[in-house]
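Enquirer: Submitted below is the structure of interest, expressed as structure tokens.
Number of protein chains: 6
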Amino acid sequence: MKPLVILNPNSSQTVTDGIAASIAPFERFGVPLRCLTLAEGPPGIESQKQADLTIAPMLRLAADQTDAGGYVIACFGDPGLHALRDQTRLPVVGIQEAAVMTALTLGQRFGVIAILAASIPRHLRAFGAMGVRDRLAGDRALGLPVAALADAERSLAAMIATGKRLRDEDGANVLIMGCAGMAHFRDRLEDAIGLPVVEPCQAAVGQALSLMATGLSHRTERNNDA
Amino acid sequence: MKPLVILNPNSSQTVTDGIAASIAPFERFGVPLRCLTLAEGPPGIESQKQADLTIAPMLRLAADQTDAGGYVIACFGDPGLHALRDQTRLPVVGIQEAAVMTALTLGQRFGVIAILAASIPRHLRAFGAMGVRDRLAGDRALGLPVAALADAERSLAAMIATGKRLRDEDGANVLIMGCAGMAHFRDRLEDAIGLPVVEPCQAAVGQALSLMATGLSHRTERNNDA
Amino acid sequence: MKPLVILNPNSSQTVTDGIAASIAPFERFGVPLRCLTLAEGPPGIESQKQADLTIAPMLRLAADQTDAGGYVIACFGDPGLHALRDQTRLPVVGIQEAAVMTALTLGQRFGVIAILAASIPRHLRAFGAMGVRDRLAGDRALGLPVAALADAERSLAAMIATGKRLRDEDGANVLIMGCAGMAHFRDRLEDAIGLPVVEPCQAAVGQALSLMATGLSHRTERNNDA
Amino acid sequence: MKPLVILNPNSSQTVTDGIAASIAPFERFGVPLRCLTLAEGPPGIESQKQADLTIAPMLRLAADQTDAGGYVIACFGDPGLHALRDQTRLPVVGIQEAAVMTALTLGQRFGVIAILAASIPRHLRAFGAMGVRDRLAGDRALGLPVAALADAERSLAAMIATGKRLRDEDGANVLIMGCAGMAHFRDRLEDAIGLPVVEPCQAAVGQALSLMATGLSHRTERNNDA
Amino acid sequence: MKPLVILNPNSSQTVTDGIAASIAPFERFGVPLRCLTLAEGPPGIESQKQADLTIAPMLRLAADQTDAGGYVIACFGDPGLHALRDQTRLPVVGIQEAAVMTALTLGQRFGVIAILAASIPRHLRAFGAMGVRDRLAGDRALGLPVAALADAERSLAAMIATGKRLRDEDGANVLIMGCAGMAHFRDRLEDAIGLPVVEPCQAAVGQALSLMATGLSHRTERNNDA
Amino acid sequence: MKPLVILNPNSSQTVTDGIAASIAPFERFGVPLRCLTLAEGPPGIESQKQADLTIAPMLRLAADQTDAGGYVIACFGDPGLHALRDQTRLPVVGIQEAAVMTALTLGQRFGVIAILAASIPRHLRAFGAMGVRDRLAGDRALGLPVAALADAERSLAAMIATGKRLRDEDGANVLIMGCAGMAHFRDRLEDAIGLPVVEPCQAAVGQALSLMATGLSHRTERNNDA
């Protein structure tokens, strides 16, 4: 059985471990899940420039997985999503895109909990490219300094506060965690806010396994010239 | 293991059998798949009136499945989707909504192969409610009389012709089959047209199993008053 | 002269009486106005499920009016609007759709005073299907428990407060009452808020009478197969 | 009973007579209908410049009608619509806006039969300002030289051909006549094309009478400073 | 070298002087800049009616500039923009349109500082016609009485406060000054708010000079019948 | 006087020479124009993958221009646009974005002449991110094999044919050349098609010089943390 390869484009093994824990519920589906850390990536991706610079090494890392059955790009921002689709005919799922598509089926207006304010314009460009801006309730940042993100309880408290603003001020009825590998917070966020919370890596792995099971891809074997 | 219940709101066992065949690739995921035919439904759903009139008996049929772990409504048009979400906290997936969300990740502009022209305004209202009209390349009907749909080869030929128009005139780069239970045509459609083709029941079951695996739903146990 | 039939899909005669009072100004136009209560409906419609379940008996009630010249569906949410249009070639107007179309000509951004928060996603789906989301300033609920709605003064005060938030926080310059049969509040709302307030039954009856006068319908006698 | 004043901003009495005939079915509603020709207007309005230059004299003509109960601006393009709303608190309806709002309730995608190709960008700007571009199927011109418009049969034949293209190529299921005063063609257009056809002056007068009956306006007596 | 003609459609020479100062940085490009005041205009334009009534005299003033190489209409609201484009084949730039197009390249969501609340619906119609409503963060007025606008420091303070609300409450990351001739405030606004601030006359003159340099216009010599 | 640096991210000096010729009309504005070829780029950019892989070397090349006063990224697709904006506070203009914003002021619906069909989904994502999809008439490819693009007359003929389809079938009233450095075709395209044709490098340089003249940028000196 060919594995699903999950690519973390930052260099933090802690984040990769969090991603692996997030997607553990899918192990029962019988497809090996291989989570990889991009050694050449930055410790965290905080700008479009950093995101774009991960693409070249990530494409090489992806190409090295010669037994892959599909890919997930596990960074909210989906760096290199379409570049990797140019490189392979296997299913390629971005966690941002998958999270949005999942959220659209769980509530009428989605809210995004962004880690950093600087990411929001990037998100909005992506939502515009997806054509789903009408469904966006709001995209709000935690308002914490980067250093504070290492403090789990402080981060969770900020996520809860941000989620409540998205619910109460912006009218969101479903939330997306704008980050990878924090599924361990999902239950507590749902408990505190009372809305469904989409963890993007879960959304992406679920979709990738579905595509692999049905042989569906952006580019089939038969489609040579599109 | 609680089963995923797939509800065919028309009364045609042939269609239900086709749905069961469509989703067979998901059996390996380990969740029982229970396909049910709505005895009170019409042989085929051809209008908004017929669709709406299936809702009451379908809600009863769904409620009777007391061991369900989730539901799929297997009619392109998603009759009763939000009504069933009002009735249960379990995941409820509509095949139309799931097909669209899947298609949005496989191509920039999606085309829909509608069985009947009369369904197109209904589809457009749904795509508007989903907020994805900007991504729609076109929605075209087969142009066959209803009686001719029983002729498989003629139907397939019409689907191929319709798909090619969506590709060449409307600029679609991914297609959705606007019907349930015809996954056996998917490969030949992809071969003939050279674009990925989304079969809605497959898209919906993949998503439902993903939601069930991660305990995600439109309405969680903790969300009593939303 | 064939009557315009106004169908209240809930079972509350009080609401029907309110509707009749709302539309009394149209009596001078010379067309009989027949307001009917749906005995099989719930006392009030609070969910998509309840709305959908009124469709079957409402279609029967409509069909029983063999002398009808046109129909208005008098529930904000327009349950069965397209189903009834499938059933008859006479003009069929939904109060939600008519209210929105009227509001769009009275101000650049419309606000909706919803009775219940649970209705808002339903409204948003409808506005999306109408393709008018760009014109929506906001949709806000009264924030009252259902029991409190029987208290007219308390309801009016909540409507005024809600309307002022729509005006001041959301930038609405025209308001829609998201309910049927409360036209007696309209003047006081306009006085208090200083914006035009659309009462949906009035908007719908005005449009239905216009369609009847000019022989215009979604489906004309000559249009047999569309 | 205060009259509804219908302002034809071109100087053609023939057009005004056509408008009067179009709206004759509303006489039974009991409100006097006063159709006026703008002597200072051009024989026909063919550009934005011509449209804009009618505004000053039209505002004066409107102001002269001191007994008016409401206004309709009877040129497809709605010149001076918002200027007249600045000048008076009475209901002011534009035939383009009213036709679009009516069409949106009669079909999912509307097509516009434009008299001249040069008008189409003007229409598109208006539909954009109305926020209804997603509902537009197409806007197509007759393709006749201006001189040929005097030939009724040739004009009708071009309208029918244009309407069929809007139906068959663009997917329109409701049509709007992009001109004033040609209601006498409406029946034959509907017969030939099989779609509902909205005559804009009828749509506008119906809406204006409804507003007048219920005392609704863009600007109420109480709204002094908005 | 043919001059670029900048038309101020109000009658205030002070405003024209402010415009001239705003665009002085473009003098180095070598094209004469001719700023004209419309004697027939109102002292300031506060309504759609006032805006529309400037069109006729402005078109005459424009036509009198027989040596013009291009035009800028220097009123936020772009009165007569398309009328002047009907009158001439030279480049015609509106400051509102140019400011929006410039802002769209400087930030993901633009905010507009309106002088008067009554202008906001007019702005929204224009942004709708431009098709850019999805990019609008907000449009907020200063909240000052007209008389107070003569007080420069009070106006600047209100602009700063308004800009901060657009940034903090509405999520704007670029601002547009919704007025002409106040470029002298631009630096202090940028300093106080920390966002790029587009002065519309600068945006328009820059674009007009670019069009003139490359011989580009809405209507070329060769395009006789479009 | 600091130069404007125009970065051609492909390695073709012929293309760079074409760009330099395109923008020669701006030399009279007095700012040095420095056109650079990216040695590390591919001979031509034909996919998202190729586009993304130019970003890293292009950012280095940009950083090496320590005397720069602003930048233009001269590839239709704007690779690295936001990454370079992360790297510098100077004005950064992408030719695709500038061409679209210019076209929006010259016609109501813009058409794009794409060199390769494979680029169209990339364009559509960009137009979605820009929020201007409602204004797009169509995006059509030349339909030539890559080898044929070296044949200037054949390319021009294909551009003219493509432009006419955009005009006649899609309703475009302004066109954009979806490539860099072909300004020498612009006059003949305009002559043949009768619509204004935007050459993207001209649009971008005009805008960049305007921003430089007025000290306007996405990120000002004062904006340290946005």
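Protein chains in written order, with this note's numbering: chain A, 1 to 226; chain B, 227 to 452; chain C, 453 to 678; chain D, 679 to 904; chain E, 905 to 1130; chain F, 1131 to 1356.
Built from N, CA and C at the ideal position, the CB exists for glycine as well.
The model shown is predicted, which means the values in this text are computed figures rather than measured ones.
#1: Which residues does DSSP pair with Phe788(D) in a beta bridge?
#2: How should Asp360(B) be labelled, buried or exposed, when 16 other C-beta atoms within 10 angstroms of its C-beta is the threshold for buried?
#3: Does Ala610(C) have its Cβ less than 9 angstroms from a Cβ in chain B?
#4: Quick check: is any heavy atom of the ligand HEM less than 8 angstroms from the C-beta of Leu1214(F)?
#5: Determine the closest residue to Lys842(D) out of Ala819(D), Ile871(D) and Leu827(D), with distance taken between C-alpha atoms.
#6: With DSSP as the reference, label Asp1129(E) as helix, strand or coil.
#7: Measure the alpha-carbon distance for Ala368(B) versus Ala1280(F) and round it to whole angstroms.
#8: Measuring only the C-alpha atoms, how far is Ser662(C) from Met905(E)?
#9: Tell me the rounded alpha-carbon separation between Ala1151(F) and Met1188(F).
#10: Report yes or no: is there a C-beta of chain B within less than 9 angstroms of the C-beta of Phe26(A)?
#11: Which value, in whole angstroms, describes the spacing of the CA atoms of Thr88(A) and Gln1180(F)?
#12: Could you give the distance in angstroms between the alpha-carbon of Ala1062(E) and the alpha-carbon of Glu323(B)?
#13: Who are the neighbours of His218(A) on chain B, taking C-beta pairs under 7 angstroms?
#14: Return the bridge partner residues of Gly320(B) from the DSSP annotation.
#15: Determine the chain E residues that contact Val1262(F) at a beta-carbon separation under 7 angstroms, and present them in chain order.
#16: I want to verify the contact list: residues of chain F whose CB lies under 7 angstroms from the CB of Asn234(B), in sequence order.
#17: Does any residue of chain A bring its CB to less than 9 angstroms from the CB of Gly1075(E)?
#18: Where do the N-terminal and C-terminal ends of the beta strand (DSSP E) with Val231(B) fall, by residue?
#19: Are the Cβ atoms of Ala325(B) and Phe302(B) separated by less than 9 angstroms?
#20: If we call anything under 9 angstroms between Cβ atoms a contact, is Gly80(A) one with Ile45(A)?
#21: Return the first residue and the last residue of the alpha helix (DSSP H) that Arg1297(F) is part of.
#22: From the DSSP output, in three-state form, read off Arg1219(F) for me.
#23: Determine which residues share a DSSP beta bridge with Val424(B) and list them.
#24: Label Gln239(B) either buried or exposed according to how many other C-beta atoms from any shown protein chain fall within 10 Å of its C-beta, with 16 as the threshold for buried.
#25: Determine, using beta carbons only, whether Arg1071(E) and Leu1048(E) come nearer to each other than 9 angstroms.
#26: Helix, strand or coil, according to DSSP, for Arg60(A) in the structure here?
#27: Going along the chain, which residues of the stretch 1200–1218 of chain F sit with their C-beta nearer than 7 angstroms to a C-beta in chain A?
#28: Over the uninterrupted alpha helix (DSSP H) stretch that includes Arg125(A), give me the two end residues.
#29: Please check if any C-beta of chain E sits within less than 9 angstroms of the C-beta of Ala1343(F).
#30: Compute the distance between the beta-carbons of Glu153(A) and Met177(A), then report whether it is under 9 angstroms.
#31: Report the neighbours of Val997(E) on chain F: residues whose CB is nearer than 8 angstroms to its CB, in chain order.
#32: Determine, using beta carbons only, whether Gly1268(F) comes closer than 9 angstroms to chain B.
#33: Go through its chain and collect everything with a Cβ distance to Glu221(A)'s Cβ below 7 angstroms, but skip five positions before and after it.
#34: Shortest alpha-carbon distance to Cys857(D) belongs to which of Ala891(D), Gly772(D), Ala807(D) and Ala839(D)?
#35: Using the Cα positions of Asn234(B) and Asn173(A), report the straight-line distance between them to the nearest angstrom.
#36: Using a C-beta to C-beta distance shorter than 7 angstroms, which residues of chain I count as neighbours of Asp1182(F)?
Expert: Straight from the coordinates:
#1: Leu814(D) and Val852(D)
#2: buried
#3: no
#4: Although the ligand HEM was asked about, the structure shown includes no ligands whatsoever.
#5: Of Ala819(D), Ile871(D) and Leu827(D), the residue nearest in Cα terms is Ile871(D).
#6: Unreliable positioning characterises Asp1129(E) in this predicted model, as indicated by a pLDDT of 38, which lies under 50. The coordinate reading is nonetheless provided below. Coil at Asp1129(E), not helix or strand.
#7: Sequence inspection shows Leu at residue 368(B); the Ala mentioned does not correspond to that position. Those two C-alpha atoms are separated by around 42 angstroms.
#8: 60 angstroms
#9: 22 angstroms
#10: Interface residue, yes.
#11: 14 angstroms
#12: 47 angstroms
#13: Leu332, Gly333 and Pro422
#14: Ile299(B)
#15: Gly1035 and Val1036
#16: Per Cβ cutoff of 7 angstroms: no residues; Asn234(B) is ~35 angstroms from chain F at best.
#17: Taking 9 angstroms as the CB threshold, Gly1075(E) lines the interface with chain A.
#18: Leu230 to Asn234
#19: yes
#20: no
#21: That run of the alpha helix (DSSP H) goes Ala1282 to Asp1298.
#22: Three-state DSSP puts Arg1219(F) in coil, outside helix and strand.
#23: Ile402(B)
#24: exposed
#25: no
#26: helix
#27: For the stretch 1200–1218 of chain F, the set of positions with a beta-carbon nearer than 7 angstroms to some beta-carbon of chain A reads Gly1210, His1212, Ala1213, Asp1216 and Gln1217 in chain order.
#28: Looking at the DSSP string, the run of the alpha helix (DSSP H) that includes Arg125(A) is Ile120 to Met130.
#29: yes
#30: no
#31: Thr1235
#32: yes
#33: For Glu221(A), the predicted structure reports a pLDDT of 48, less than 50, and the residue's modelled location is therefore unreliable. A value from the coordinates is still provided. For Glu221(A), where only same-chain residues beyond five positions count, the Cβ hits under 7 angstroms are Arg89.
#34: Gly772(D)
#35: 28 angstroms
#36: No chain I appears in this structure, whose protein chains are A, B, C, D, E and F.
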